[in-house]
Structures are given as C-alpha cells and as structure tokens.
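In terms of the working numbering, the sequence shown opens at residue 634 and continues consecutively.
Data block below; observations after.
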Amino acid sequence: MNDTPQTLAPDSLGPTVTIGEILVEIVARETGTGFREPIDLIGPFPSGAPAIFIYQCARMGGAAAMVGVVGNDDFGFVNLERLKRDGVDISAIAVSPDHPTGSAFVRYREDGSRDFVYNIAKSAAARLEWTPRVEALIARCGHIHVMGTVFASPAAWAITERAIPLIKARGGTMSLDPNLRKELLVHGQTEEKFASLVDKADLLLPSGNELFLAAGMDGEERAIEALFKRGVKEIAIKRGEHGASARQRTGARADCAGLIVEETDPTGAGDCFGGAYVACRRLGMTLQTALEFANAAGARNVTRLGPMEGAGTRAELEDFMARTARRS
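Spelled out as structure tokens, the structure:
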C-alpha cells in the first residue's frame, strides 16, 4: 500500500536508542568444529546485536544512539570509531578502565551452524549502569529498540525496564526483536519479562518461530491477530532467503521476495533488517518501501565477512536492489 499510518514516533522526536552488548568478533577462515588447534583467524570486527542494529539504523540516515560499555583497549576503540564515524551518538557508551571489551570467536561448520567462544559476562559489556549520561540520552530519545539478548544481562534489563516508560511518556515508541530461543523462556522470569515487552511493543520484528512464541500460539494469522489484540500495532516478519512480510493492525500489508545472494557470513542479517526497517518507518517511509530496504539490508549484509561489514547506506541498498535478482 502507498498510504500506511505512521506507527513509530517520527525521527524528529529524538533518536532511536538501543541498549546492550558491544563486542568484537574474530572469525575462523576455515570451516570446521571448534577451536582445539591453531587455525587462521580474521578480525577484529565490531559486533554485538544491538551495535549492529543501531549501526544499520544510522547508515540509513536515521537518528541513532546506543547505551553500552567497552573496555579501554583497541577492541573498544574499533567499535567506538565505527559507530561514531557513521553517525551513532556514543555519548552514553562508557569506557571501563577495569574490564576488557567483550569478544566472540566464531567458527562455521560445514552445515552452516557455528561454534562460539564468548567473553561477555566477564567483560565490559556486562558493566552497564544507569549514569547521568544515560539519563540525559534517554530523556531526548524518541524510540527504543529492545533485543532478546537483553535477557542475558541483568544490567541491560534494568536500564531497559527503566527507559521504556520514560520514552513512552514523551510520546515515544518501542520496537522488539525477540531474538530468543524457546529454551530460554523456561529460566527464571524470562517468560514473564518477554510477555511484558510484547505488551509494550508498537512494532514486533520476529523471525522463525518467534512470532508464535510472542503470541503463545501457532498459526501465522492467528498469532498476528492475537498480537494486534494485545496492543502491537505493526509486525515485520523476517523470512530469510524467502523475503519478508509486514502487517499493520489497520489492515495494511506488504510483502517482498527474497534476494538471490551468495552467503559469506549470516551473522547480523536480522539485526541489519531491523535497523533499516525502524529507520525507514521513523523517517516516514511506507510499509512497502521500509520492507524492501530492510530485506535488502539483511541480504546485503550476508555477502560480506564480518557482522556489520555489509550494512548499507540508502544509496548502497538502492544500487544493491537494482542489480540483485529476486526469488520467484
């Protein structure tokens, strides 16, 4: 449709903010299992799901900011320099003098699955705090994007829980990318926390079975209607190589086919999809236009090695769409 209501607060209200882990990714050049022998590695690449999301948001021309912590080291500098260079407000990203920047060593297996060695919980990434700089940033934000990785960090959850009502109170909005495995919902209060986020979300960005986890039922149409009844206004469904779909509670809908690309590194594709979609909708683009850009952002990112190396500007994504074939 060419005329779709504005679900998210406009960019003019203030930047989109996300909260969470910032790390570097170091990738094995060869496929295989694990890291039990010396192998060729490449990196460091700036990474962390929230960082990838907000970077793509900024690359699309959206006002963007992040709350996080890096170490006072080269890995931290790699992230800060990348985010700042492309327009992300880093005023609420702290630098820890005592803890190193988070890291993830990644090796792909022959079947496309991955082996990871993480240092997040014991790194600077887990040292999030509500500071005067965080408070000042939240006070001028127009939208908050929440990712399922927040459940792995009590500190990130505490800031998120505090920030959402403050942003909503000034007319802001919230989007949620579940990014959550079903197994995690049975631990602690994760299920209740997840349900509370779904109830607050204006926009939901699920993939795979996350739509059903959010709704608590199977069947795409049933799940969508149930979520609309709970207050969600818009849903953008990521279908990977099969493209994407978007629905609004008003009845508006959009669909786009998958783009045919050669996959190099799938990490970050969903985060880039979300960053592009949120930026486009906040900039006033239609449902169809936002979906096309988001679909292209995810597809382009998988063609580059490194989790945010393929994040494109609007011009780069327009060029990418013009020369990339679509699935029938």
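Ideal Cβ positions, reconstructed from N, Cα and C, are used throughout, including at glycine.
| Check | Outcome |
| --- | --- |
| Inter-residue Cα distance where the pair is Glu816 and Ala930 | Since pLDDT at Glu816 reaches only 47, below the 50 mark, its modelled position is unreliable, and the value read off the structure follows with that caveat. Roughly 29 Å separates the two Cα atoms. |
| C-beta contact flag for Gly676 and Val660 at 8 Å | yes |
| Collapsed DSSP secondary structure at Ile663 in the structure displayed | Just to set this straight, residue 663 is Glu in the shown sequence, not Ile. Glu663: coil per DSSP, three-state reduction. |
| Residue range of the alpha helix (DSSP H) that includes Val767 | Pro765 to Ile771 |
| Beta-carbon proximity of Ala847 to Ile893, cut-off 8 Å | no |
| Inter-residue spacing [alpha-carbon to alpha-carbon] between Ala902 and Ile726 | 23 Å |
| Cα-Cα separation, Ser645 to Gly775 | 8 Å |
| Contact check, Glu654 vs Pro679, beta carbons under 8 Å | no |
| Nearest to Ser729 (by Cα), restricted to the options Asp719, Gly945 and Gly701 | Gly701 |
| Leu590 and Ile771 closer than 8 Å at C-beta | With the chain running from 634 to 961 in the structure shown, residue 590 is simply not present. |
| Delimiting residues of the beta strand (DSSP E) encompassing Thr883 | No beta strand (DSSP E) holds Thr883; DSSP gives it neither H nor E. |
| Paired residues, beta bridge with Met699 - DSSP | Thr651 |
| Own chain residues within Cβ distance below 6 Å of Asp748, not counting five before or after | Gly667 and Arg740 |
| Cα-Cα separation between Ala963 and Thr782, rounded to whole angstroms | Lying outside 634 to 961, the shown extent of the chain, residue 963 is not represented and no answer is given. |
| Coil, strand or helix - Asp904 by DSSP | helix |
| Through-space distance from Asn934 to Phe961, alpha-carbon basis | With the sequence shown as reference, residue 961 is identified as Ser, and Phe is not the correct amino acid for it. Approximately 21 Å between the Cα atoms of the pair. |
| Closest Cα partner of Glu762 within the set Asp673, Tyr751 and Ala789 | Ala789 |
| Sequence-distant residues of the same chain with beta carbon closer than 6 Å to Asp888, five excluded per side | Ser878 |
| Beta-ladder partner(s) of Met918, from DSSP | According to DSSP, Met918 bridges with nothing at all. |
| Where Asn812 sits in the DSSP three-state scheme | coil |
| Residue from Glu658, Gln639, Tyr688 and Cys905 with nearest C-alpha to Arg715 | Tyr688 |
| Cα-Cα separation between Phe708 and Thr900, rounded to whole angstroms | 19 Å |
| Asp835 to Lys866 span [Cα, whole Å] | 5 Å |
| Distance CB(Arg692)-CB(Ala944) smaller than 8 Å | yes |
| Expected contact under 8 Å - CB spacing of Leu641 and Thr806 to nearest Å | 5 Å |
| Contacts around Ala912, its chain only, beta-carbon distance under 6 Å, and the 5 residues preceding and following it disregarded | Cys690, Met693 and Gly695 |
| Coil, strand or helix - Met954 by DSSP | helix |
| Within 8 Å, strictly: CB atoms of Pro940 and Glu658 | yes |
| Ala944 - DSSP class collapsed to helix/strand/coil | coil |
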